[in-house]
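Per this note's numbering: the sequence shown = residues 8 to 162. Think of the CB as a built atom: it goes at the ideal place given N, C-alpha and C, for glycine as much as any other residue. Remarks on the structure that follows.
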Amino acid sequence: MTNTYSQFNDGIIAEFRANAGTVARFGRSLVLVHHIGARSGTERIAPVMSIREGVDSWLVAASKAGAHDNPAWYHNLVAHPDVMIEAPGEGVVAVHATTLRGEERDAAWTRFTSASPGFAQYEQRTDRVIPVVRLTRRATPADRGASALGGARTA
């Protein structure tokens with residue numbers, strides 16, 4: 008990862024946090040994915056465009072702007088699928104990452120290309136099938152405790 012790329016991401020992360028999930032260039036379409044290095048075990052944070060799929064799930068595409076390889080965060084999610092995200096209006100959310108396959112992946116990918124023409128351009132730049140990942144809210148011990156006590160789920 009280049010220093011310029013890292014600085015860009017650091018700026019996006021800071022703006023996201025300073026503005027409750029709103030980033031001027033991206034609106035409220037980003038989530039911050041806290042992923043664990045597949046080899047290093049080090050936690051990293053990647054700002055990634057997401058599409059809200061429902062109350063408890065988000066879709067993210069491992070486009071890497073059409074590069075010929077998948078982004079590191081994707082490999083890390085495959086290795087360690089139980090992670091945290093920061094989502095606008097939600098705060099920190101525990102999620103489980105699942106790579107979509109076949110028709111389900113294709114339908115989700117169409118949502119990305121419809122939402123932003125850039126995704127169609129990314130697809131044209133590469134020979135790989137760009138993975139789409141569903142991030143599904145998972146229960147945490149605090150959630151189970153609140154549920155057992157009749158309380159609301161916390162994010």
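Would DSSP call Pro138 helix, strand or coil?
Position 131 of the sequence shown, counted from the start, is the residue given in the question as residue 138. Three-state result, Pro138: coil.
Please classify Phe242 as buried or exposed, where buried requires at least 16 neighbouring CB atoms within 10 angstroms.
The chain is shown from 8 up to 162; residue 242 falls before or after that span and cannot be answered.
DSSP beta-bridge partners for Val102?
Against the sequence shown, residue 102 aligns to sequence position 95. Partner(s): Val90 and Arg144.
Figure out for me which residue from Ala146, Thr117 and Thr147 has the closest Cα to the Cα of Ile137.
The count along the sequence shown starts at 1 and reaches residue 137 at position 130. Here the closest residue by C-alpha is Thr117.
Only counting the same chain, and skipping five residues up and downstream in sequence, which positions put a Cβ closer than 8 Å to that of Asp134?
Stepping through the sequence shown from its first residue, residue 134 is reached at position 127. Closer than 8 Å at the Cβ level, and outside the excluded window around Asp134, lie His75.
Where do the ends of the beta strand (DSSP E) carrying Ala115 lie?
Numbered from 1 along the sequence shown, position 108 holds the residue referred to as residue 115. Premise fails: Ala115 lies in the alpha helix (DSSP H), Gly109 to Ala122, not in any beta strand (DSSP E).
Under 6 Å Cβ to Cβ from Arg46, same chain only, skipping five residues before and after it: list those, please.
As a position in the sequence shown, residue 46 is number 39, starting the count at 1. Result list for Arg46: empty, nothing under 6 Å.
What residues in its chain sit with their C-beta under 6 Å from that of Glu22, if we drop five residues either side in the sequence?
Here residue 22 corresponds to residue number 15 of the sequence shown, with the count starting at 1. Answer for Glu22: Val30, listed in chain order.
In whole angstroms, what is the alpha-carbon distance linking Ser13 and Gly109?
Translated into the one-based positions of the sequence shown, residue 13 becomes position 6. Translated into the one-based positions of the sequence shown, residue 109 becomes position 102. For Ser13 and Gly109, the distance between alpha carbons rounds to 33 Å.
Taking C-beta to C-beta, are His103 and Ile43 nearer than 7 Å?
Against the sequence shown, residue 103 aligns to sequence position 96. Against the sequence shown, residue 43 aligns to sequence position 36. No.
Using DSSP with H/G/I as helix, E/B as strand and the rest coil, what is Ser70?
To locate residue 70, count along the sequence shown from 1; it is residue 63. Here Ser70 sits in coil by DSSP.
Can you list, in chain order, the residues of its chain whose CB lies under 6 Å from that of Arg24, leaving out five sequence neighbours each side?
Position 17 of the sequence shown, counting from 1, holds the residue named residue 24. Once the five neighbours on either side are set aside, Arg24 has no close Cβ partner at all.
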